[in-house]
Amino acid sequence: MKEMSSRKIIFLSIIAIILVLIANLALWFTDEIFDSEEFAQKTVQVVEREEVRDAIAAEIVDESFADQPLILQIAGNVFEPVISGLLGADILEPAIETFAQAVHTALTSKPQAITIDISSIVEFVKPLATAINERLGTQINAANIPDTIVIAEKGDIPSIYTFGVVMLWLGLFSTIIGLGLIIWLIWVNRGDKRRYVFKTIGFSLIVGAAIVLIVLQAIAATILSPIDDENLEIVASNIYDVFVGVFKWQNWILIIIGIVLIFVGQYLPDIEERYISLSDSLRESRAKRRKAKEERRAEKEKEKEKRKNEKKEP
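Once you know that position 268 of the sequence shown is 267 in numbering that gives the first Met the number 0, the rest is easy, because the numbers rise by one and skip nothing.
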């Protein structure tokens with residue numbers, strides 16, 4: 000077979016790594032986004048974070064008393080810690096799970112407003128509002144607290160259903176073709192060319208995964224920029240960080256694999272030479288044993304022939 004040129008190795012390696020990166024994206028998308036149970040579980044975990052609970056509590060108070068600045072300040076200082084604590088309690092767990100499912104539906108099927116049902120909070124806040132009114136002479140009405148709080152309006156979260164279906168099939172195709180191409184490149188090249196293949200694939204993988212990490216960092220601001228509410232931005236950014244964080248780790252793993260491939264490419268000649276040397280030694284050892292065995296067999300045959308001749312002599 001004609002030796003493959005370095006330019007061709009580089010070109011095919013880049014194609015293979017692009018396919019591997021697509022397969023990596025598809026794996027993350029199907030496991031983290033399209034899997035409704037996994038998505039809901041992680042979203043619930045995000046909402047249970049103290050920072051997120053505080054942001055939701057602040058948003059509830061802001062919406063409830065936006066037209067009463069003085070009461071808003073008092074209510075914020077008193078109600079926000081209470082509401083934040085209630086958001087982490089079991090009583091609101093069903094509402095948070097419903098919220099997580101609504102986010103998943105908006106992402107993967109049809110656009111809809113994302114809300115959290117907080118009607119059960121009002122009953123806990125009423126006695127607190129009454130006590131504050133009696134003590135400070137204020138007119139805080141717990142009934143002003145809405146039954147639901149809107150986290151995102153309809154259309155704020157784009158549906159990515161079509162993209163998900165495409166990634167499902169494209170991921171399978173990319174995995175088979177990408178890995179197959181890498182294996183083929185390693186198989187058909189020998190000696191220094193094989194070492195070059197390992198290094199090229201490893202370097203391409205590191206560069207490709209690093210570019211993905213840079214892009215993820217850059218697009219975070221773009222994705223979150225339409226949200227003009229500080230509290231809702233905290234909620235959205237935490238959800239974004241959790242899911243994208245998994246994808247970042249997948250790309251760091253690819254970078255580590257790339258480093259390993261470069262290391263293998265650097266020391267592959269030594270490994271091959273040792274393997275060839277060991278193979279030659281084993282082959283010589285087997286040949287010597289075979290020769291010694293044949294010599295012993297020949298000696299025995301000679302001995303038998305000699306005895307026969309001695310018996311025939313008068």
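Where a beta carbon is used, it is the ideal one built from N, C-alpha and C, also for glycine.
- Per DSSP, residue 89 lies in no beta strand (DSSP E) and is assigned neither H nor E.
- Here residue 115 carries a strand assignment [DSSP, helix/strand/coil].
- Residue 218 is positioned such that its CB atom lies no closer than 9 Å to that of residue 148.
- Residue 150 carries a strand assignment under DSSP once its states are collapsed to helix, strand and coil.
- Taking one beta carbon from each stretch, the stretch 6-13 and the stretch 195-202 have 3 or more pairs nearer than 8 Å; the two touch.
- In the DSSP assignment, residue 48 falls outside any alpha helix (DSSP H), carrying neither H nor E.
- 235 is the residue among 282, 258, 235 and 206 whose C-alpha sits nearest the C-alpha of residue 43.
- Scanning 290, 229, 48 and 201 for the CA closest to the CA of residue 263 turns up 201.
- If you compare the alpha carbons of 20, 265, 77 and 215 with that of residue 129, the shortest gap goes to 77.
- In this structure, 63 is the residue among 241, 63, 179 and 33 with its C-alpha nearest to the C-alpha of residue 146.
- In this structure, residue 167 lies away from residue 19, with their beta-carbon atoms at least 9 Å apart.
- If you draw a straight line from the Cα of residue 57 to the Cα of residue 79, it is about 6 Å long.
- Under the three-state reduction of DSSP output, residue 224 falls in the coil class, being neither helix nor strand.
- Between the stretch 168-188 and the stretch 92-103 there are fewer than three inter-stretch CB-CB distances shorter than 8 Å, so the stretches are not counted as touching.
- Distance from the CA atom of residue 211 to the CA atom of residue 265, rounded to whole angstroms, is 26 Å.
- Rounded to the nearest angstrom, the Cβ distance from residue 215 to residue 243 is 6 Å, consistent with a contact under 8 Å.
- Using a 10 angstroms sphere on the CB of residue 45, the tally of other CB atoms reaches 16 or more, which defines it as buried.
- When DSSP states are grouped into helix, strand and coil, residue 2 belongs to the coil group.
- Boundaries of the alpha helix (DSSP H) around residue 162: 160-187.
- By the criterion of a C-beta distance shorter than 6 Å, residue 241 is surrounded in its chain by 41 and 45, once the five residues flanking it on both sides are discounted.
- Separation of the CB atoms of residue 47 and residue 87 is rounded to 6 Å, and the pair is thereby assigned contact status at 8 Å.
- In this structure, residue 120 and residue 82 form a Cβ contact; the two beta carbons are roughly 6 Å apart against a cut-off of 8 Å.
- Around the beta carbon of residue 248, fewer than 16 other beta carbons sit within 10 angstroms, so the residue counts as exposed.
- Within the same chain, and ignoring the five residues on either side of residue 223 in sequence, the residues whose Cβ sits closer than 8 Å to its Cβ are 232, 235, 236 and 239.
- In this structure, the straight-line span from the alpha carbon of residue 289 to that of residue 190 is close to 31 Å.
- Straight through space, the alpha carbons of residue 227 and residue 173 are spaced by roughly 38 Å.
- For residue 204 and residue 181, the gap between their C-alpha atoms comes out near 11 Å.
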